[in-house]
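Reading through the structure tokens given below for one structure.
Numbering (the numbering used here), first residue to last: 408 to 485.
See the structure below:
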């Protein structure tokens with residue numbers, strides 16, 4: 408998340424919604440992309456809101472596609 412301004416904003420908004428509307432405790436962790444993908448795939452992290460596909464994170468997507476669920480795009484290209 409660190410250094411990715413769009414991810415930081417999206418993550419903080421989502422964490423407030425999860426806390427306030429769904430009543431869950433939220434712990435945010437900043438980790439490198441590879442660790443993030445692996446942690447979600449192995450249930451060590453519950454959620455990530457930053458996947459730049461197909462480019463930047465395409466290799467991780469291919470590696471973990473059977474273990475993670477893609478809920479779709481947050482932003483659309485015009």
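We treat Cβ as the ideally placed atom computed from N, Cα and C, and that holds for glycine.
Listed in chain order, the non-local C-beta contacts of residue 455 below 7 Å within the same chain comprise 443 and 447, local neighbours out to five positions each way being set aside.
With a minimum length of 4 residues, the unbroken runs of alpha helix (DSSP H) contained wholly in the region 434 to 473 fall at 440 to 448 and 465 to 471. Residue 434 and residue 477 have their C-alpha atoms spaced approximately 21 Å apart. A Cβ-Cβ contact shorter than 8 Å links residue 457 with residue 414. Apart from sequence neighbours up to five positions away, the residues of its chain that approach residue 460 with a beta-carbon distance below 7 Å are 468, ordered along the chain. Ranked by Cα distance from residue 449, the first of 464, 470, 421 and 463 is 470.
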